[in-house]
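The next block holds one structure in the form of structure tokens; read it before the comments.
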Amino acid sequence: MPCVGWGGSRYGNRMQQGAKGWDAASPRHFHHKKDDAMEPWCQVGPQTGWLCPDDDCTPCDMYALPDFATELEEVREMQVKHLEDLFHIGVTALRVDAAIYHHVYELAAMVNRLPWDLVYQEWWGEYPPHDRTEYVGLYRDVAYRWHLVNRLAGKNATELPELLQLDSGVFGITQDMAVYPFAYHDGRSKDSDPEIATYKNGLAFHQQQKFFLSWPFGEKVLIWGGYGWRDLTHGPPGCDKSDGDHCTPDSVYDEDGHAQCMPAPTVSPLPKSAARERRWVCEHRWQGVAGMMHFRKACRQHAVSEKWEGGKTEGIGVGRLAFRLGNDCFVALTRGRREDEDEDVAGVGGTWDLTGLKIALPQGRYCDMSSLHTQKGWDQSSCPREVEVDEEGVIQHGSVTQG
């Protein structure tokens with residue numbers, strides 16, 4: 001076995017030494033040709049266009065990784081022991097990578113041995129089979145994120161009202177079957193791309209993730225917190241050496257316990273130097289995200305009760321929109337402009353003065369939750385940005401900035 005893993009165990013030539021005895025594997029534990037245990041039954045990857053013989057990828061090596069023969073009980077038991085190790089160190093949720101490359105009954109027989117809080121499958125756009133839905137778990141729905149980003153960044157501001165019609169993602173996957181990620185590792189771009197949600201898009205990305213948390217669609221959503229990259233193969237900060245087998249990632253925290261994260265951006269896209277910086281970005285820590293998570297928990301159960309659509313609602317300019325959830329929650333935004341945007345793209349930017357807008361919320365002084373840096377230690381007596389509503393439900397002062 002010519003290769004050595006980061007934990008010190010050896011592997012290679014369709015064998016693995018393992019670290020605990022029960023995790024050792026020989027060629028017979030992997031799918032192989034009938035007449036040659038060292039040859040894969042089939043292979044799948046970019047080189048095959050992700051197509052498999054007889055439309056069945058379950059026995060195929062992917063990216064040259066030997067494919068476990070999970071139809072064998074001893075192989076399933078080995079995988080269950082790995083899952084038990086994860087569960088006993090505190091892991092309570094699973095994302096099943098390449099889920100479609102596993103037979104339903106085999107996957108279910110392994111995963112369902114433990115009481116996970118959440119199991120969801122990597123999914124791209126296929127129609128969900130009933131047995132997989134019933135016996136394995138939820139689906140990752142990536143289409144909803146694409147729809148949202150397209151409406152906020154890919155289209156002219158004249159079409160912004162389409163954002164308030166978002167009610168679906170992948171065809172056939174309903175809210176109760178889905179986990180909606182806003183960003184994910186294999187949905188990134190090397191450089192800034194307005195159609196692909198990454199931190200490199202700067203303020204536009206931040207507005208998108210805050211709207212993602214404000215819009216009531218989606219029972220289960222995931223936000224992203226990560227690090228900067230120059231290449232999609234980069235690991236975390238501190239792991240930049242190409243000549244070493246091991247590395248030690250830089251800590252997110254300094255010696256005093258303070259997170260060393262990129263501050264919330266103020267322009268779109270990020271300057272190239274900032275976009276290529278190898279540091280912790282921590283998008284989930286940016287100003288307003290914690291507040292919008294709190295907003296979502298308090299308001300998501302309410303239906304949209306009124307909309308203000310730029311270019312359609314009287315008095316609301318193009319590139320601006322707002323909506324009310326129930327009788328107590330209100331959201332407003334203005335579409336910003338990218339610094340590299342074509343002149344023929346209609347965008348507004350700037351600050352929208354909300355004074356005089358009748359939103360029909362109870363009289364009071366409201367916190368703009370998207371302006372909070374953190375909820376930790378917040379005494380709820382004041383807020384970086386506030387909105388005051390009079391007894392008639394009309395805003396007396398308040399504004400919303402782009403992003």
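The working numbering applies: residue 1 is where the sequence shown begins, and numbers increase by one. Even glycine gets a Cβ: it sits at the ideal position worked out from N, Cα and C.
> In three-state DSSP terms, what is A290?
Replying inline: helix
>> Could you check whether V104 and D131 sit closer than 7 Å to each other, using their CB atoms as the reference points?
In response: yes
> Going by the beta-carbon positions, is the gap between Q17 and S26 smaller than 7 Å?
Replying inline: no
>> Excluding the 5 residues flanking L166 on each side, which residues of the same chain have their C-beta closer than 8 Å to its C-beta?
In response: Y144, H147, L148, R151, W215 and F217
> Of all the options G310, G125, P129 and E134, which has the alpha carbon lying nearest to the alpha carbon of R140?
Replying inline: G125
>> Using 7 Å as the threshold, is the C-beta distance between L325 and C299 below it?
In response: yes
> Going along the chain, which unbroken runs of the alpha helix (DSSP H) with 4 or more residues stay wholly within the segment 22-100?
Replying inline: 73-88
>> On the CB-based measure, 16 or more other CB atoms within 10 Å of its CB, does V111 come out buried or exposed?
In response: buried
> Is the segment 303-320 touching the segment 188-195, taking contact as three or more C-beta pairs under 8 Å?
Replying inline: no
> What residue does the alpha helix (DSSP H) around S273 start on, and which one ends it?
Replying inline: K272 to A275
> Hey, out of S168, P59, P46 and Y63, whose CA is closest to R28's CA?
Replying inline: P59
> Taking just the CA atoms, how far does C57 sit from Q121?
Replying inline: 16 Å
>> Considering only their Cβ atoms, is the gap separating S370 from M292 smaller than 7 Å?
In response: yes
> Are the beta-carbon atoms belonging to M62 and D23 less than 7 Å from one another?
Replying inline: no
>> Please identify the residue among F182, K220 and E84 whose C-alpha is closest to the C-alpha of F205.
In response: F182
> Distance, Cα to Cα, L213 vs D250?
Replying inline: 29 Å
> If you draw a straight line from the C-alpha of P237 to the C-alpha of H284, how long is it?
Replying inline: 17 Å
>> Rounded to the nearest angstrom, what separates T70 and Y184 at their Cα positions?
In response: 27 Å
>> With three or more beta-carbon pairs closer than 8 Å as the criterion, would you say the segment 219-226 touches the segment 173-180?
In response: yes
> Roughly how many whole angstroms lie between the Cα atoms of S399 and E386?
Replying inline: 8 Å
> In terms of DSSP beta bridges, what is C367 paired with?
Replying inline: E386
> Between which two residues does the beta strand (DSSP E) containing Q165 stretch?
Replying inline: First-last for Q165: undefined, no H or E at that position.
> Given L138, which residues of its chain have a CB within under 8 Å of its CB, disregarding the five upstream and five downstream residues?
Replying inline: L118, V119, Y120, Q121, M177, A178, V179 and K220
> Can you name the start and end residues of the beta strand (DSSP E) that R320 belongs to?
Replying inline: R320 to L325
> Rounded to whole angstroms, how far is the Cβ of V252 from the Cβ of W229, which I believe are closer than 8 Å?
Replying inline: Not confirmed; about 16 Å, so no contact.
>> I'd like the list of long-range same chain contacts for V80, defined as Cβ closer than 6 Å, with 5 residues on each side in sequence excluded.
In response: M110 and R113
> What are the boundary residues of the beta strand (DSSP E) that K307 is part of?
Replying inline: V304 to E309
>> In whole angstroms, give me the CA-to-CA distance for F446 and T133.
In response: The chain is shown from 1 up to 403; residue 446 falls before or after that span and cannot be answered.
>> My parser needs the beta strand (DSSP E) runs of 3 or more residues fully inside the segment 103-177; what are they?
In response: 118-121 and 138-140
>> I'd like to know whether the C-beta atoms of L270 and G202 end up nearer to each other than 7 Å.
In response: yes
> What residue from F30, G319, I89 and A64 has the CA that sits closest to V75's CA?
Replying inline: F30
> Run through DSSP, which three-state label would L357 get?
Replying inline: coil
> Between G5 and the rest of its own chain, which residues show a CB-CB distance below 7 Å, the 5 nearest in sequence each way excluded?
Replying inline: Y11
> When the Cα atoms are used, what is the spatial distance from I173 to N13?
Replying inline: 40 Å
> Buried or exposed: G336, going by 16 or more other Cβ atoms within 10 Å of its Cβ?
Replying inline: buried
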